[in-house]
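**Student:** In order, the protein sequences belong to chains C and D.
The working numbering puts the last residue of the first sequence at 369; the count rises by one with no breaks.
The working numbering puts the last residue of the second sequence at 376; the count rises by one with no breaks.
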Amino acid sequence: MATTLLSRRMLIGVLAAFGLLAIVILLSLGVGSDNAIGLAQVFAVLQGAGDDQARLTVLDLRVPRTIIGVLVGVALGSAGALLQAAARNPLAEPGLLGVSAGSATAVVVSIALGASLNNLQVGVAIFGALIGCSVALGVARMSGLGDDPIRLVLAGAALSSMLAAVSSVILLTDQRTADEVRFWTIGAIAGRNLSSITSAIPVLLLGLAVALLLARPLAALALGEKVASGLGQRPKLVRTGVMISVALLVGSATAMAGPIGFVGLVVPIAARAMVGPDIRRALILAVLLGPSFVLLADVLSRIVARPTETPLGVISALIGAPILVLIVRSQRLPAL
Amino acid sequence: MDRLSLNPTTSAAHELNLAQPFTGQPTGLWLLRFGRLSLLLDRRAWLASLLLLLATVVLVGLSLGSGTVKIAPLDALAALFNQGETKNIFIVRDLRLTRVLAGGMAGAALGMAGCLLQTLSRNRLANPDTIGIDNAATAFAVASVVGVSTTLAPSGMALIGAITMLSLTFALSGGAGTRGYRFLITGLGLGAICGAATNLMLARAPIDAANDAFPWTIGSLNDRSGITVSLLAWGVVILLPLAAIVGKRLNLVRLPDAVAQSLGVRVNRLRFFTILLAGSLTGLAVAVAGPVGMIGLAAPELGRRLAGPRTVPIVPSALAGACFTMLADLLGRTLFSPTEIPVGIVTALVGGPYLLWFLLRTPRGKQL
Numbered sequence: 034m035a036t037t038l039l040s041r042r043m044l045i046g047v048l049a050a051f052g053l054l055a056i057v058i059l060l061s062l063g064v065g066s067d068n069a070i071g072l073a074q075v076f077a078v079l080q081g082a083g084d085d086q087a088r089l090t091v092l093d094l095r096v097p098r099t100i101i102g103v104l105v106g107v108a109l110g111s112a113g114a115l116l117q118a119a120a121r122n123p124l125a126e127p128g129l130l131g132v133s134a135g136s137a138t139a140v141v142v143s144i145a146l147g148a149s150l151n152n153l154q155v156g157v158a159i160f161g162a163l164i165g166c167s168v169a170l171g172v173a174r175m176s177g178l179g180d181d182p183i184r185l186v187l188a189g190a191a192l193s194s195m196l197a198a199v200s201s202v203i204l205l206t207d208q209r210t211a212d213e214v215r216f217w218t219i220g221a222i223a224g225r226n227l228s229s230i231t232s233a234i235p236v237l238l239l240g241l242a243v244a245l246l247l248a249r250p251l252a253a254l255a256l257g258e259k260v261a262s263g264l265g266q267r268p269k270l271v272r273t274g275v276m277i278s279v280a281l282l283v284g285s286a287t288a289m290a291g292p293i294g295f296v297g298l299v300v301p302i303a304a305r306a307m308v309g310p311d312i313r314r315a316l317i318l319a320v321l322l323g324p325s326f327v328l329l330a331d332v333l334s335r336i337v338a339r340p341t342e343t344p345l346g347v348i349s350a351l352i353g354a355p356i357l358v359l360i361v362r363s364q365r366l367p368a369l
Numbered sequence: 009m010d011r012l013s014l015n016p017t018t019s020a021a022h023e024l025n026l027a028q029p030f031t032g033q034p035t036g037l038w039l040l041r042f043g044r045l046s047l048l049l050d051r052r053a054w055l056a057s058l059l060l061l062l063a064t065v066v067l068v069g070l071s072l073g074s075g076t077v078k079i080a081p082l083d084a085l086a087a088l089f090n091q092g093e094t095k096n097i098f099i100v101r102d103l104r105l106t107r108v109l110a111g112g113m114a115g116a117a118l119g120m121a122g123c124l125l126q127t128l129s130r131n132r133l134a135n136p137d138t139i140g141i142d143n144a145a146t147a148f149a150v151a152s153v154v155g156v157s158t159t160l161a162p163s164g165m166a167l168i169g170a171i172t173m174l175s176l177t178f179a180l181s182g183g184a185g186t187r188g189y190r191f192l193i194t195g196l197g198l199g200a201i202c203g204a205a206t207n208l209m210l211a212r213a214p215i216d217a218a219n220d221a222f223p224w225t226i227g228s229l230n231d232r233s234g235i236t237v238s239l240l241a242w243g244v245v246i247l248l249p250l251a252a253i254v255g256k257r258l259n260l261v262r263l264p265d266a267v268a269q270s271l272g273v274r275v276n277r278l279r280f281f282t283i284l285l286a287g288s289l290t291g292l293a294v295a296v297a298g299p300v301g302m303i304g305l306a307a308p309e310l311g312r313r314l315a316g317p318r319t320v321p322i323v324p325s326a327l328a329g330a331c332f333t334m335l336a337d338l339l340g341r342t343l344f345s346p347t348e349i350p351v352g353i354v355t356a357l358v359g360g361p362y363l364l365w366f367l368l369r370t371p372r373g374k375q376l
């Protein structure tokens with residue numbers, strides 16, 4: 034294990050990812066939808082100085098936003114890496130497979146039943162994600178692992194469009210829910226309250242811990258189910274673990290930021306490009322790269338249409354969809 | 009082996025060896041044995057079409073007859089052909105016909121598109137809901153509702169959206185790709201962008217405008233403009249024979265590419281035409297009805313079930329799609345009358361459990 038993790042490539046990859054993350058966090062703190070408050074003022078505020086407006090902007094808006102971005106990125110990046118490894122499919126992504134849609138639909142249903150976004154139960158989002166995830170992985174099992182990456186995505190697309198229709202049904206019949214949810218359902222990390230996410234953090238950490246525990250069995254599973262069994266792993270157990278972990282991660286991310294697609298597609302691909310296909314390394318890199326991607330998309334969301342902001346969900350779709358197309362256009366899908 | 013599984017190799021064997029009697033069929037179904045084998049199987053597909061046509065006529069009668077003023081289905085059908093009371097003729101021809109025509113034709117188009125896409129990709133989950141065209145139509149229609157200033161009606165915008173998406177997907181995917189996958193996934197990705205744009209517009213719009221736009225996110229047949237409906241109707245009338253011809257050729261693409269090529273099929277050109285047809289049909293349908301889900305998934309399933317595995321059931325799928333859509337609209341109009349439920353909601357509520365069962369049942373006969 035130790036020799037696997039501590040190769041030179043891995044070291045360089047981790048350092049690069051940390052460097053990127055640091056730069057992106059600085060950008061996220063220093064760039065606004067107007068140019069009023071730059072990095073110098075941000076540092077002043079963080080040291081306790083600065084005028085009132087700068088303090089308000091940095092401490093109440095940008096810091097919470099950056100923290101949520103980091104958390105969401107960690108959750109979605111690692112969930113994507115796990116799903117791709119478990120389904121042995123480079124297109125397996127929480128958004129494409131309907132996991133995010135399951136989570137979002139569960140939240141919409143709960144709000145229609147009387148809950149409110151302010152005291153949103155993370156459990157509801159996780160429950161929805163669990164349903165989406167079990168359907169997705171159930172389909173992955175059926176269609177033969179590694180057999181046909183597209184089939185899984187089509188199943189996910191069908192599931193997503195059905196769940197979206199269920200959401201639409203509720204939004205069409207329930208004005209209050211529609212008004213409350215329409216801002217949340219685009220997916221954004223802006224304007225979320227830090228206190229409202231405290232319940233999501235333990236769940237996220239639990240999911241991440243399960244994910245890290247699963248890295249080794251998943252690496253064995255990559256050799257094929259029979260080999261993995263021969264090595265003493267239990268494929269069924271591992272898959273159930275993946276399901277639970279992905280549900281916890283995606284559920285908490287969705288509860289915090291709404292459904293955000295394509296993070297789980299782009300991040301693991303970048304991670305594998307940097308450190309190779311071994312899930313043990315790719316997972317660690319995905320954990321580090323996820324926040325960078327989310328924050329970078331968020332910074333872009335502030336500057337593409339100044340002075341207004343474009344929601345994060347739109348930006349991540351704009352980045353992710355071309356990458357999806359590029360993957361499919363490449364001569365053959367990279368096997369996992 | 010599931011009787012529905014269209015195993016390419018076995019059906020190929022029978023296709024090429026007509027002298028040997030075909031014994032793989034379960035008994036007691038539509039199979040009538042006279043004369044040559046191929047005649048038999050055409051007969052089954054033909055009988056299926058006839059049955060579905062009958063159902064379609066019944067549903068047309070019921071749909072035309074139901075509403076605030078009840079008309080008996082037979083009178084309604086007579087009124088359609090200018091027979092009977094003047095009042096009935098007015099109600100049927102001037103008030104209800106557009107809606108019924110919109111539902112039936114949109115359903116037929118979606119059913120055909122689904123059948124073409126599923127046969128091409130050999131995948132029962134490929135369907136017109138997932139190729140992004142409906143997302144684009146929705147995005148454009150919502151844009152016109154929530155106030156991007158335009159003189160076009162939402163359905164006109166939806167048609168423009170569908171055409172834009174179809175050409176964009178074609179350009180970006182660089183053709184169909186093996187089994188049409190490249191096209192399907194490119195559409196999926198572009199559709200995601202359109203979906204995000206729709207959500208953005210709904211969030212930014214004032215709540216009243218957003219409420220007006222919601223029906224376009226689910227699919228509805230209420231108050232459709234006559235021009236787009238007749239465009240759709242003509243489109244279906246023209247494209248149906250083309251689809252049937254392409255479907256006949258597609259039967260050979262179920263075989264491995266090399267075999268199909270040696271039998272004289274230009275595989276790539278056929279794929280291109282199939283996708284162009286499916287895309288055009290979907291575009292016309294969503295321009296009229298919005299993104300009505302599940303029809304393109306379920307109609308070919310019923311068509312195959314009735315018509316048997318030997319043909320590509322274009323006509324049965326079209327009729328089944330028309331039946332499903334009209335039935336869903338009829339239910340939506342009458343169940344909670346006077347409150348009207350959009351047709352997309354009915355298909356989602358009925359189709360959702362069906363899809364879950366479809367995805368999670370035991371993996372028999374998954375291959376097309």
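Where is the CB? At the ideal position from N, CA and C, for every residue including glycine.
Do D:ALA286 and D:PRO136 have their C-beta atoms closer together than 8 Å?
**Tutor:** In this structure, D:PRO136 lies closer than 8 Å to D:ALA286 by Cβ.
**Student:** Using CA atoms only, rank isn't needed, just tell me which of D:LEU67, D:GLY92, D:ASN276, D:CYS123 is closest to D:ALA251.
**Tutor:** D:CYS123
**Student:** Can the beta-carbon of C:VAL91 be found less than 8 Å from the beta-carbon of C:LEU62?
**Tutor:** yes
**Student:** Would you say C:ALA330 and C:ILE302 are within 8 Å of each other, going by their C-beta atoms?
**Tutor:** no
**Student:** Would you identify the three-state DSSP class for D:ASN90, choosing helix, strand or coil?
**Tutor:** The DSSP-derived three-state label of D:ASN90 is coil.
**Student:** How many Å lie between D:PRO34 and D:VAL66 at the Cα?
**Tutor:** Note that D:PRO34 scores 46 on pLDDT, short of 50, meaning its location in the model is unreliable; the coordinates nonetheless yield the value given after this. Going from the Cα of D:PRO34 to the Cα of D:VAL66 covers about 30 Å.
**Student:** On a CA-only basis, which of D:LEU314, D:ALA86, D:ALA241, D:ILE283 is nearest D:GLY115? Give me that one, please.
**Tutor:** D:ALA241
**Student:** Looking at the C-beta of C:ASP85, does it have a partner C-beta in chain D at a distance below 8 Å?
**Tutor:** no
**Student:** Where are the beta strand (DSSP E) runs, 3 residues long or more, that stay fully inside the stretch 211-242 of chain C, in chain order?
**Tutor:** Within the stretch 211-242 of chain C, no complete beta strand (DSSP E) run reaches 3 residues.
**Student:** Starting from the C-beta of C:ILE356, find all residues in its chain whose C-beta is less than 8 Å away, skip the five residues before and the five after it, and write them out in chain order.
**Tutor:** Excluding residues within five positions, the ones whose Cβ falls inside 8 Å are PHE295, LEU298, VAL299, ILE302.
**Student:** Using a 10 Å radius around the Cβ and a threshold of 16 neighbouring Cβ atoms, would you call D:ASN96 buried or exposed?
**Tutor:** If you draw a 10 Å sphere on the C-beta of D:ASN96, you find 16 or more other C-beta atoms in it, and that means buried.
**Student:** On a Cα-Cα basis, can you pick out the residue from C:VAL320, C:PRO344, C:ILE336, C:ARG339 that is closest to C:GLY113?
**Tutor:** It is C:VAL320 whose Cα lies nearest to the Cα of C:GLY113.
**Student:** Between C:ALA108 and the ligand MN, is the CB less than 7 Å from at least one heavy atom?
**Tutor:** Absent from the structure shown: the ligand MN. Ligands present: none.
**Student:** Give the DSSP-derived three-state secondary structure of C:GLY147 in the structure shown.
**Tutor:** coil
**Student:** At a Cβ cut of 7 Å, what residues of the stretch 212-225 of chain C count as close to chain D, listed as they run along the chain?
**Tutor:** ASP212, ARG215, PHE216, THR218, ILE219
**Student:** Taking the runs of the alpha helix (DSSP H) that are 4 residues or longer, which of them lie wholly in the stretch 100-184 of chain D?
**Tutor:** 105-129, 141-154, 162-181
**Student:** Assuming C:LEU318 and C:GLY46 make a contact with CB atoms under 8 Å, what is their CB distance in whole Å?
**Tutor:** Right, their Cβ atoms sit about 6 Å apart.
**Student:** Would you say D:ALA205 and D:VAL154 are within 8 Å of each other, going by their C-beta atoms?
**Tutor:** Annotated as distal: D:ALA205 and D:VAL154, with beta-carbon spacing of 8 Å or more.
**Student:** Entirely within the stretch 226-262 of chain D and at least 4 residues each: give me those alpha helix (DSSP H) ranges in chain order.
**Tutor:** When DSSP assignments are scanned along the stretch 226-262 of chain D, the uninterrupted stretches of alpha helix (DSSP H) that are 4 or more residues long and fall wholly within it turn out to be 234-261.
**Student:** What is the DSSP secondary structure of D:PHE366, counted as helix, strand or coil?
**Tutor:** Judged by DSSP in its simplified three-state form, D:PHE366 adopts helix.
**Student:** Quick check: the Cα distance between C:SER40 and D:GLY359, rounded to an integer number of angstroms?
**Tutor:** 51 Å
**Student:** Tell me the start and end of each unbroken alpha helix (DSSP H) in the stretch 319-368 of chain C that is at least 4 residues and wholly inside, in chain order.
**Tutor:** Runs found: 345-362.
**Student:** Could you spell out the range, first to last residue, of the alpha helix (DSSP H) harbouring D:ASN276?
**Tutor:** 275-297
**Student:** Please identify the residue among D:LEU72, D:LEU125, D:ALA144 whose C-alpha is closest to the C-alpha of D:ALA295.
**Tutor:** D:ALA144
**Student:** C:LEU192 versus chain D: which residues are under 9 Å apart at the beta carbon?
**Tutor:** LEU363, LEU364, LEU367
**Student:** Buried or exposed for D:GLY36, going by 16 or more other Cβ atoms inside 10 Å?
**Tutor:** Confidence in D:GLY36 is poor, its pLDDT being 40 and thus under 50, which makes the residue's placement too unreliable to answer from.
**Student:** Which parts of the stretch 71-145 of chain C are runs of the alpha helix (DSSP H), unbroken and 4 residues or longer, counting only runs that do not cross its ends?
**Tutor:** 72-79, 85-88, 96-120, 132-145
**Student:** Grouping DSSP H, G and I as helix and E and B as strand, with all else coil, what is C:SER40?
**Tutor:** coil
**Student:** What residues from the stretch 193-206 of chain C come within 7 Å of chain D, judged by C-beta to C-beta, listed N to C?
**Tutor:** SER194, MET195, ALA198, VAL199, SER201, VAL202, LEU204, LEU205
**Student:** Quick one: Cα of D:THR225 to Cα of C:ASP311, how far?
**Tutor:** 41 Å
**Student:** Output, in sequence order along the chain, the residues in the stretch 244-265 of chain C whose CB is closer than 8 Å to any CB in chain D.
**Tutor:** none
**Student:** Spatial neighbours of D:GLY203 within its chain, please: C-beta separation below 7 Å, excluding the five flanking residues on both sides.
**Tutor:** Only ASN143 meet the Cβ criterion.
**Student:** Would you report the Cα separation of C:GLY337 and C:ILE348, rounded to the nearest angstrom?
**Tutor:** Residue identity check: residue 337 of chain C is Val in the sequence provided, not Gly. Cα-Cα distance, rounded: 9 Å.
**Student:** Please work out which residues of its chain come closer than 8 Å, Cβ to Cβ, to D:ARG257, disregarding the five sequence neighbours upstream and downstream, and give them in chain order.
**Tutor:** VAL273, LEU278
**Student:** Which residue's Cα is closest to the Cα of C:GLY265: C:LEU251, C:THR273, C:ILE277?
**Tutor:** C:LEU251
**Student:** Report yes or no: is there a C-beta of chain D within less than 8 Å of the C-beta of C:LEU357?
**Tutor:** Cβ-Cβ to chain D under 8 Å: yes for C:LEU357.
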